[in-house]
C-alpha cells in the first residue's frame with residue numbers, strides 16, 4: 146500500500162538525532178521511489194517550544210541520551226532535558242499511539258548507553274525497538290527503517 150507512513154516523534158539537542166531522522170527520511174524516500182509499497186517517513190520534532198497536540202496516528206519515539214549523575218558503572222542518575230517528550234506523550238493520552246522507542250547514545254557510557262530510551266520504554270510499557278550510536282551509520286539507518294517498516298506492515302499501524 147502506498148499510503149502507509151512511518152511517523153517519528155523525536156528530540157535532538159546536539160543535532161545527532163535530527164541528523165539521523167533526516168537521513169532516515171531521505172532513505173525512506175529513496176526506497177519508496179524504488180517500490181511504492183515502502184513507507185515514507187514523517188517527522189515531528191519536539192522541543193521546549195512545542196505545544197502538545199493530540200496525535201491522530203501511531204508513531205515511534207526516537208530519543209537521545211540525556212541524564213546526569215551516576216557513572217559508567219553505577220547508573221544512579223536523573224533524566225534531564227526531555228520533559229517536553231513526556232509532556233507530548235502524556236497530553237491527550239498520546240502514549241496510546243506510541244508503537245515503540247528507539248534510542249541514540251554513546252557506547253562508552255556502558256550501562257548508561259541509551260538509558261533515556263530505556264527509561265521511557267520501562268516507564269510507559271513500550272518496546273525498545275533498537276538503538277544506535279551518535280548520528281548513526283548508513284547500516285543503522287537501513288536497519289531501523291527495516292524494523293519500522295516491518296512493524297508497520299505486521300500491525301498495519303500507520
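Numbering (the working numbering), first residue to last: 146 to 303.
Think of the CB as a built atom: it goes at the ideal place given N, C-alpha and C, for glycine as much as any other residue.
No experiment lies behind these values; they were computed from the predicted model shown.
- For residue 235, the enclosing alpha helix (DSSP H) starts and ends at 228-235.
- Around the C-beta of residue 249, 16 or more other C-beta atoms lie within 10 Å, and the residue is accordingly described as buried.
- Excluding five sequence positions before and after residue 200, the CB atoms of its chain that fall closer than 6 Å to its own CB belong to 239, 242, given in chain order.
- The bridge partners DSSP lists for residue 152 are 187.
- A residue is called buried once 16 or more other Cβ atoms fall within 10 Å of its Cβ, and residue 267, having fewer, is exposed.
- Where residue 274 is concerned, there is no enclosing alpha helix (DSSP H), although the beta strand (DSSP E) around it starts and stops at 273-278.
- According to DSSP, residue 247 shares a beta bridge with 207, 275.
- For the set 208, 176, 167, 187, the Cα lying nearest the Cα of residue 156 is the one of 208.
- When secondary structure is reduced to three states using DSSP, residue 258 falls in the coil class, being assigned neither helix nor strand.
- The alpha carbon of residue 190 has as its nearest neighbour, out of 279, 245, 152, 178, the alpha carbon of 152.
- In the displayed model, residue 300 falls within a helix according to three-state DSSP.
- It is roughly 25 Å from the alpha-carbon of residue 231 to the alpha-carbon of residue 294.
- Pairing residue 227 with residue 211 gives a Cβ-Cβ distance under 8 Å.
- The alpha carbon of residue 195 has as its nearest neighbour, out of 234, 161, 299, the alpha carbon of 234.
- Note that the C-beta distance between residue 244 and residue 277 is not below 8 Å.
- Its chain contains 157 as the residues whose beta carbon lies nearer than 6 Å to that of residue 163, once the 5 sequence neighbours on both sides are disregarded; these appear in chain order.
- Between residue 186 and residue 173, the CB-CB gap stays under 8 Å.
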